[in-house]
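Heads up: the structure comes next, in structure tokens.
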Amino acid sequence: MNGPIQKDVGITFSKVNKWYGALHVLRDIDLTVHDGEKVVVCGPSGSGKSTLIRCINRLEEYQSGEIKVGGIAVDSNRRNIDQIRRRVGMVFQNFNLYPHLTILDNCTLAQRWVRGFSRSEAEERAMHYLKRVRIPDQASKYPSQLSGGQQQRVAIARSLCMSPEIMLFDEPTSALDPELVREVLDTMAELAGEGMTMICVTHEMGFAKQVADRVIFMDDGAIVEIAEPRDFFDNPKEERTRKFLSQILH
Amino acid sequence: MPAFDWGYIWEAVPDLLDGLVVTIYVSFLAILLSLTVGAIGCALRVADHKILSFPVAGYVEFIRGTPFLVQVFFIFYGLPSLGLTLSAFWSGVVALTVWASVFHIESFRAGLSAVGKEIQNASASLGLRSWQHTLFVVLPIATRSALPSSLNTIVATIKNSAYLQAIGLVELTFVAVDRIAYDFRSTEMFLAICLIYLAVVLLVSAAGHRLERRLNRPYVGR
Ligand SMILES: Nc1ncnc2c1ncn2[C@@H]1O[C@H](COP(=O)(O)OP(=O)(O)OP(=O)(O)O)[C@@H](O)[C@H]1O
Ligand SMILES: [Mg+2]
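As given, the protein sequences belong to chains A and B, one line each in that order.
Position 223 (the first sequence) corresponds to 223 in the working numbering; numbering is contiguous.
Adding 1000 to a residue's 1-based position in the second sequence gives its number in the working numbering.
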């Protein structure tokens, strides 16, 4: 084929629907997230934000429509799932570190078993990313010996060790004490500055304004509004968005 | 009543040691087998299919709800009429295994529930297969949480082997009771075997606690 090479777009949702039993939790989701784009997802509790991003790396299944990551369909095909999980990292509200492993071993386990790195390679890479999140000195400690903010930065480093092209964040700061939120958001902002594709579920609106290319508002399983941060905050089109913003901004 | 006689205990030591060897042997086999049955039973107990979990739940309730001595008698005196005759030794191994396994099943199950469901998402998102997650994450965490109560069961297995004197197994308690029948030195003999049981139990607990400390280092938040 001739002509300019069309780079595969990062993530596409086409008419995605999901139900938990009778509960319709994703309704006709259409969304494209381009390579390098940063998207913030917000919305009331139970609106389907976590479900939306968990479908991207198949932590959840969906019943109709299609999601593609880098051109690969997210379906039940084991090879597709493996390839997608190789490209997509995820950070959770509760860190989900391995409590029985040191910080270093938390970062090397999957490198060794999924990527096949030797112990020394894996440890070198782990130290590289622990430096990036500014906690190399904690490498030999266990998760319970770290503050929440440090644990979340370890979780970010652990994901980065797998060299993902896309990072998903599910309310990464909502389990943290207020004074620890900043350090995690700073780490995420740095990552964004380096060109990582990111989807963040968060209610940190300062972060959204600073980092996001687009903000998505979800309600009742549907995307109600997508806009650039300035329009989203200063000039929301939908009544539901306005109501939500007035609730969380004060 | 004759005065307490240490010399008598000393004379009995060789016989008591013979009994102790049998006690240790029967307990050791039962501990290994009950841990194995416990692990398999636990895996079935937590299976999604009721066909697998239900019989195990019934087994646990039944064994926990009946006296150990009755179980011993049933296996030694009752099973032969069902066509299965076991020596006193193997009846003892089987009875202790059956009894201890249900407590291991329950403590392993508690250990598993301490792992939590969410951490599986982390492993999945990192690309780990579920067998890798089970092997490197679930089992190590579950083992650590199950250890204290399984250690209790292990110690109780050793102590419960004393019941096996009732079916004529020549273990430590049998030796003591047998000598008392001839020499009437019950104070000396019972004190002697108490001390021997205590020594064995303390040794086993000390080893267990060492293991616990080693494995639990990560949780000691210091
Ligand atoms: N495993 C599940 N089984 C049944 N229903 C579920 C399950 N997980 C989530 N739900 C329901 O699906 C809906 C969407 O949940 P989801 O976790 O995606 O919401 P959310 O927007 O992330 O909310 P929050 O802000 O509270 O995290 C909710 O009504 C929730 O109760
Ligand atoms: Mg959520």
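Positions of the beta carbon are idealized from the N, C-alpha and C atoms, including for glycine.
Where does D30(A) fall in DSSP's three states? Three-state DSSP puts D30(A) in a strand.
Contact with chain A by P1148(B), beta-carbon distance below 8 Å: No, P1148(B) does not count as interfacial toward chain A.
Rounded straight-line distance, which links the Cα of A1088(B) to that of Y1059(B): Note on geometry: alpha-carbon atoms of Y1059(B) and A1088(B) lie some 23 Å from one another.
Check whether the Cβ atoms of Q152(A) and V184(A) sit closer than 8 Å, and answer yes or no. The criterion of a C-beta distance shorter than 8 Å is satisfied by Q152(A) and V184(A).
With a threshold of 8 Å between beta carbons, is T12(A) in contact with chain B? With 8 Å as the cut-off, T12(A) does not count as an interface residue toward chain B.
Just to confirm my understanding: we take G148(A), look at its own chain, exclude 5 residues before and 5 after, and list those with CB closer than 8 Å. What are they? Hits under 8 Å: F95, A175, L176, D177 and L180.
Determine the closest residue to I103(A) out of S163(A), M127(A), D170(A) and G193(A), with distance taken between C-alpha atoms. Considering only S163(A), M127(A), D170(A) and G193(A), the residue with the shortest C-alpha distance to I103(A) is M127(A).
Rounded straight-line distance, which links the Cα of V1098(B) to that of R58(A): Spanning the two alpha carbons is a distance of roughly 42 Å.
Is the number of C-beta pairs between the segment 132-143 of chain A and the segment 1138-1152 of chain B that are closer than 8 Å three or more? No, the segment 132-143 of chain A does not touch the segment 1138-1152 of chain B.
For S1034(B) versus S1101(B), is the C-beta distance shorter than 8 Å? Taking 8 Å as the Cβ cut-off, S1034(B) and S1101(B) qualify as a contacting pair.
By the three-class DSSP mapping on this structure, what secondary structure does T12(A) have? Strand, per DSSP.
Shorter than 7 Å, the distance from the beta carbon of Y62(A) to the closest heavy atom of ligand 1, or not? Y62(A): no, Cβ never under 7 Å from ligand 1.
8 Å Cβ cutoff, D82(A) in contact with chain B: Between D82(A) and chain B, the shortest Cβ-Cβ separation is below 8 Å.
Enumerate, from N- to C-terminal direction, the unbroken beta strand (DSSP E) stretches of 3 or more residues contained entirely within the segment 21-95 of chain A. Under the rule that a run must span 3 or more residues, the beta strand (DSSP E) segments found entirely inside the segment 21-95 of chain A read 23-33, 38-42, 64-69 and 88-91.
Exposed or buried, what is T51(A) when buried is set at 16 or more other beta-carbons lying within 10 Å of its beta-carbon? Under this definition T51(A) is a buried residue.
Against chain A: residues of the segment 1131-1145 of chain B by CB proximity under 7 Å: When C-beta distances to chain A are compared with 7 Å, the residues of the segment 1131-1145 of chain B below that value are Q1132, F1136, V1137, P1140, I1141 and R1144, in chain order.
Cβ of V114(A) less than 8 Å from any chain B Cβ? At least one chain B Cβ lies under 8 Å of V114(A).
Any chance you could list the residues with Cβ under 5 Å from a heavy atom of ligand 1, keeping chain order? Having a Cβ closer than 5 Å to some heavy atom of ligand 1 are Y20(A), V25(A), S45(A), G46(A), S47(A), G48(A), K49(A), S50(A) and T51(A).
Which class does V201(A) belong to by DSSP, given the choice of helix, strand or coil? Residue state, collapsed to three classes: strand.
Would you check if the distance between the CB atom of P164(A) and the CB atom of R87(A) is smaller than 8 Å? Judged by their CB atoms, P164(A) and R87(A) are nearer to each other than the 8 Å cut-off.
Check whether the Cβ atoms of A212(A) and K38(A) sit closer than 8 Å, and answer yes or no. Yes; because the gap between Cβ atoms is below 8 Å, this pair is in contact.
In chain order, what residues of the same chain have a beta carbon less than 6 Å from the beta carbon of E238(A), not counting five sequence neighbours either side? Excluding sequence neighbours, E238(A) sits near V224 and E225.
Same chain only: Cβ atoms within 8 Å of Q1132(B), ignoring 5 sequence neighbours per side: Cβ within range, chain order: S1123.
Pop quiz: V1093(B) and V1022(B) are said to be a contact at Cβ under 8 Å. What is the actual Cβ separation, rounded to whole angstroms? Between V1022(B) and V1093(B) the Cβ distance is about 11 Å, and since that is not below 8 Å, they are no contact.
Using three-state DSSP, classify N1216(B) as helix, strand or coil. For N1216(B), the three-state secondary structure derived from DSSP is helix.
What residue does the alpha helix (DSSP H) around E242(A) start on, and which one ends it? Checking the displayed sequence, the identity of residue 242(A) turns out to be Arg instead of Glu. R242(A): member of the alpha helix (DSSP H) spanning E239 to L249, first to last residue.
Run the proximity test for D28(A): is its beta-carbon closer than 7 Å to any non-hydrogen atom belonging to ligand 2? Outside the cutoff, so no.
Where does the unbroken beta strand (DSSP E) through E225(A) begin, and where does it stop? First-last of the beta strand (DSSP E) with E225(A): A222 to A227.
Comparing the CB of V201(A) with every heavy atom of ligand 2, is any distance shorter than 7 Å? The answer is yes for V201(A).
When we look at the beta-carbon of T241(A) and count the other beta-carbons within 10 Å, is it buried (16 or more) or exposed? Of the residues assessed, T241(A) falls on the buried side of the cut-off, its CB having 16 or more other CB atoms within 10 angstroms.
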